[in-house]
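Heads up: the sequence shown begins at 1 in UniProt numbering, then just goes up one per residue.
Take a look at the structure set out below.
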Amino acid sequence: MAKLPDFEAMAIFAKVVELRSFAAAASELALSKATVSKAVTRLEERLGARLFNRSSRRLALTDAGGALSVRAAQLLADGEEAENEALSQAASPRGLVRLAVPMTFGQRVIAPLLPEFLAQYPDVSVDLHLSDAMVDLIGEGFDIGVRIARLPDSSLVARRLCPMPVHTVAAPSYLKKYGRPTHPMHLAQHRCFTYAYRTTPELWHYANAAGEQVSVRPSGPLRVNNGEAVIPALIAGLGIADLPDFIIGEAIAKKQVEVILKGWKQPEGAVHLVMPPGGPRPARVEALIEFLATHLARLGKVASTRPKG
Numbered sequence: 001m002a003k004l005p006d007f008e009a010m011a012i013f014a015k016v017v018e019l020r021s022f023a024a025a026a027s028e029l030a031l032s033k034a035t036v037s038k039a040v041t042r043l044e045e046r047l048g049a050r051l052f053n054r055s056s057r058r059l060a061l062t063d064a065g066g067a068l069s070v071r072a073a074q075l076l077a078d079g080e081e082a083e084n085e086a087l088s089q090a091a092s093p094r095g096l097v098r099l100a101v102p103m104t105f106g107q108r109v110i111a112p113l114l115p116e117f118l119a120q121y122p123d124v125s126v127d128l129h130l131s132d133a134m135v136d137l138i139g140e141g142f143d144i145g146v147r148i149a150r151l152p153d154s155s156l157v158a159r160r161l162c163p164m165p166v167h168t169v170a171a172p173s174y175l176k177k178y179g180r181p182t183h184p185m186h187l188a189q190h191r192c193f194t195y196a197y198r199t200t201p202e203l204w205h206y207a208n209a210a211g212e213q214v215s216v217r218p219s220g221p222l223r224v225n226n227g228e229a230v231i232p233a234l235i236a237g238l239g240i241a242d243l244p245d246f247i248i249g250e251a252i253a254k255k256q257v258e259v260i261l262k263g264w265k266q267p268e269g270a271v272h273l274v275m276p277p278g279g280p281r282p283a284r285v286e287a288l289i290e291f292l293a294t295h296l297a298r299l300g301k302v303a304s305t306r307p308k309g
């Protein structure tokens, strides 16, 4: 197997050539003189040629050393430039951020925020991926994800931004035709719309102030993989749905649907930013994280004013 070039030894060699001194190179690189000497010797042994003719007072390049010095100097310059560029990008927001967001939340909440972010950070671009499916952030190379749920244990780093209430709702026309359920167990006799990507799609969980806990297995004429898709059928009075505030809040405010099951609450989810684990994140990623954290905290305040079940 071919071995990688000894880049460290070449860079040290280039610095010795530049300063015409082992001692000066050692001082500038914050290395011992012995370390610098060993690096040059290692390079000579690898190449099978002397690079310097040395005396107590004079350091001169050999023909082999002169030929290598041009390439080594370019290697050192390229390395310093690459490192400085990386440091600059890490220090100031610049470059691409890949962001994975649930479909409706991305369309209704995140997309309207992005013009302000992009105007504030003109050197940052955003790749916005919209899907209600659980995206593998690490495997698919995303910097940030938005999750709206009670998060399961995982290796991801999570930051809770705001609560996100869930409402069980029905249109007035549905309640007039089929009656109003007053206990979660009554839902078994009703037409319910279900959502494929919730944490437990086959069960809706409720609890009341007395500590009673109930799990219901809903069924009905419509199952979707995007919560917004049930809105037309819901408003048309064809069933009962269980939806987060960012999807159904406007319809509640317009009285197109009503919150039912008064006195019963569901485990409240929250909006989280999730990120792959690791060391310091680039400034562009931190900038978007802080921007979203600030703006989504306001969303939680609006959601908290909705009527509860």
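Note that CB positions come from ideal geometry on N, CA and C, so glycine has one too.
- Membership of residue 120 in the alpha helix (DSSP H) is indicated by the continuous run 111 to 120.
- In the DSSP annotation of this structure, the continuous segment of the beta strand (DSSP E) that includes residue 160 starts and ends at 157 to 164.
- Here residue 227 is near residue 195, since their CB atoms are less than 7 Å apart.
- Secondary structure at residue 79: helix, using DSSP grouped into helix, strand and coil.
- Along the segment 219 to 249, the beta strand (DSSP E) occurs as fully enclosed runs of 3 or more residues at 222 to 224, 240 to 244, listed in sequence order.
- Residue 111 and residue 76 have their C-alpha atoms roughly 44 Å apart.
- Between the beta-carbon of residue 102 and that of residue 146 there is about 7 Å, and that keeps the pair under the 8 Å contact cut.
- By the Cβ rule, the segment 233 to 251 does not count as touching the segment 54 to 68, because fewer than three pairs are nearer than 8 Å.
- Take residue 121, set aside five residues on each side of it, and the residues of its chain with a beta-carbon closer than 6 Å to its own are 93, 287, in chain order.
- Apart from sequence neighbours up to five positions away, the residues of its chain that approach residue 6 with a beta-carbon distance below 7 Å are 42, 43, 46, ordered along the chain.
- Between residue 276 and residue 175, the beta carbon gap of about 46 Å keeps them out of contact (Cβ cut-off 8 Å).
- A straight-line Cα-Cα distance of about 11 Å links residue 252 and residue 172.
- Out of 66, 36, 229, the CA that lies nearest to the CA of residue 50 is found in 66.
- Considering only 281, 177, 298, 295, the residue with the shortest C-alpha distance to residue 97 is 281.
- Within the segment 162 to 207, the runs of alpha helix (DSSP H) at least 4 residues long that lie entirely inside it are, in chain order, 172 to 178.
- Minimum Cα-Cα distance from residue 241 among the listed residues 169, 190, 216 corresponds to 169.
- Given a length threshold of 3 residues, each whole run of the beta strand (DSSP E) inside the segment 253 to 296 is given here in chain order: 269 to 275.
- Residue 131 carries a coil assignment under DSSP once its states are collapsed to helix, strand and coil.
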